[in-house]
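The block underneath contains the structure these notes are about, expressed in structure tokens.
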Amino acid sequence: MRRLLLALPFALLPLAVAHADDTTVKHGSLGTHEHGTARVNAALDDQTLALELQTPAMNIVGFEHLATTDADKAAVAKARALLEKPLALFNLPAAAGCSVASQHLQSPLFGDVMPADDDDDDHDHDEHAAGAEHHHSEIHATYEFTCTSPDKLKALDLSQVFKTFPATHKVVVQLIAPAGQKGLDATPDNSTLSF
Ligand SMILES: [Zn+2]
């Protein structure tokens, strides 16, 4: 229910411009998949901070196939452990008193069966099969925090995301806060967006 409520306001935001290149493919309901680029949606409402991270698995683990070797499995486990520490990953200030109310990770690499496309965009399954040489996978993480002093949340700081997952070069951020909604194409040199 909460996730549904969060998802609604983002539907009102203009779609980010997709940069077409060789690593960009349409993923049906997953939207644009571009290696090096991730998306973060954030919404702050009173004491509740909701964060959503959607990223090609390439940015996080360095590959997108299902892990079969021990090395691949170790890389997936390591990435998962990092994603399961969102207070550190999103550099939330201790003064804000945020605690994780819920978190959910989803990816084929984590053994999840991804939902079938049930939206009405023009995803073409034949195209998918024809171009199956590189099978693309994403990681989708949703978090909800309860913050006792949300006024201490001055900015969303993605510097740790870039440091933790250095194959991530850009994060398309959309933020909804009491002051309004804004967006940023965050980079390692420009990684904060004020609430
Ligand atoms: Zn990919």
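Sequential numbering from 38 applies to the sequence shown in my numbering.
The beta-carbon is built from N, C-alpha and C at its ideal position, and this holds for glycine as well.
Quick caveat, the model's predicted, so the values are computed rather than measured.
CB contact flag (residue i, residue j, <8 Å)
i, j, result
"V209", "Y180", "no"
"L193", "T229", "yes"
"T201", "L119", "yes"
"S186", "A133", "yes"
"G73", "K207", "yes"
"L142", "R117", "yes"
Burial state of residue i, where buried means 16 or more other Cβ atoms lie within 10 Å
i, result
"N78", "buried"
"A131", "exposed"
"T105", "exposed"
"A114", "exposed"
"N227", "exposed"
"A216", "exposed"
"S139", "exposed"
"L126", "buried"
From the options, residue whose alpha carbon lies closest to that of residue i
i, options, result
"Q218", "C184, L81, L190 and H70", "L81"
"N128", "G99, Q91, F182 and F100", "F182"
"D149", "S174, K122 and R76", "S174"
"A214", "L195, F232 and L190", "F232"
"L124", "R117, L190 and C135", "C135"
"K110", "K191, F147, E121 and T69", "F147"
Presumed contact (8 Å Cβ cut-off) between residue i and residue j, rounded CB distance
i, j, result
"A204", "L90", "That pair is no contact at about 14 Å."
"E71", "H172", "The pair is not a contact, with the Cβ atoms about 16 Å apart (cut-off 8 Å)."
"G99", "A112", "6 Å"
Close beta carbons around residue i, own chain, < 6 Å, minus the five adjacent residues each side
i, result
"I176", "T92, A94, I97 and S144"
"L221", "V210 and L230"
Beta-carbon contacts of residue i that lie in its chain and below 7 Å, excluding the five residues immediately before and after
i, result
"F199", "T205, P225 and S228"
Quick one, what's near ligand 2 if you take every residue whose CB is closer than 6 Å to any heavy atom, in chain order?
Ligands present in the displayed structure are limited to ligand 1, and ligand 2 is not among them.
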